[in-house]
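Residue numbering for the sequence shown follows the numbering used here, beginning at 1 and increasing consecutively.
Cβ coordinates follow ideal geometry from the N, Cα and C atoms, glycine included.
What follows is a set of notes on a single structure, which appears directly below.
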Amino acid sequence: RASADIRREGNKIVAELNSVPLPDVFSRRLDVTDFSTPVQFVDALSTGGKTRIVIEPVDGEFEYLAYQTDKILSINVTRPAAGEVAARSKEPLYTGEKLSLNFQDI
Numbered sequence: 001r002a003s004a005d006i007r008r009e010g011n012k013i014v015a016e017l018n019s020v021p022l023p024d025v026f027s028r029r030l031d032v033t034d035f036s037t038p039v040q041f042v043d044a045l046s047t048g049g050k051t052r053i054v055i056e057p058v059d060g061e062f063e064y065l066a067y068q069t070d071k072i073l074s075i076n077v078t079r080p081a082a083g084e085v086a087a088r089s090k091e092p093l094y095t096g097e098k099l100s101l102n103f104q105d106i
């Protein structure tokens, strides 16, 4: 089982697969905008014994879930629900009285 390091870098998802060879025929950029997904491009390249996959969503608002089952690595990219985006953009509203705490070593 190969180790996978999957992380978000800015507005992209990067998956680095250690000790996974990538045949030259798969080392390229795929334009997937015609498939009605939140992903615009998928880049695959091999460097120094690692395979690097870069997923570039259409815009900066996305969520992803990565999991591995046996030898298959799946990365699901979704758009957040409209309510979630609106809730994230609002400033938090706090109600009630302010509370002051003073911790002392007695």
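Rounded to the nearest angstrom, how far is the Cβ of Val39 from that of Val77, given a contact under 8 Å?
About 5 Å separates the Cβ atoms of Val39 and Val77, confirming a contact at the 8 Å cut-off.
Between Ile75 and Gly48, what straight-line distance do the alpha-carbon atoms span, to the nearest angstrom?
In this structure, the straight-line span from the alpha carbon of Ile75 to that of Gly48 is close to 23 Å.
Rounded to whole angstroms, what is the Cα-Cα separation between Val54 and Phe62?
Rounded to the nearest whole angstrom, the CA to CA distance from Val54 to Phe62 is 14 Å.
For Asn18, the nearest candidate out of Tyr67, Phe103, Gly60, Lys50 (CA to CA)
Selected option, being the one with the closest Cα: Lys50.
Can you have a look at Pro21 and say buried or exposed, based on whether 16 or more other CB atoms are within 10 angstroms of its CB?
So Pro21 ends up on the exposed side.
Thinking just about the alpha-carbon of each residue, which of Gly10, Asp34, Glu16, Glu9 is nearest to the one in Leu73?
Checked all of Gly10, Asp34, Glu16, Glu9; the closest Cα to Leu73 is Glu16.
Where do the N-terminal and C-terminal ends of the beta strand (DSSP E) with Tyr67 fall, by residue?
For Tyr67, the enclosing beta strand (DSSP E) has its first and last residue at 63-69.
Taking C-alpha atoms, which residue in Ile6, Ala44, Val32, Thr37 lies nearest to Phe26?
For Phe26, the closest of Ile6, Ala44, Val32, Thr37 by C-alpha to C-alpha distance is Ala44.
Could you check what DSSP says for Thr37 in three-state terms: helix, strand or coil?
Assigned with DSSP and collapsed to three states, Thr37 falls in coil, not helix or strand.
Please check the pair Ala56 and Phe35, which I expect to be a contact at CB under 8 Å, by giving their CB distance rounded to whole angstroms.
Looking at the sequence provided, one finds Glu at residue 56 rather than Ala. No, Glu56 and Phe35 are not in contact; Cβ-Cβ is about 14 Å, not under 8 Å.
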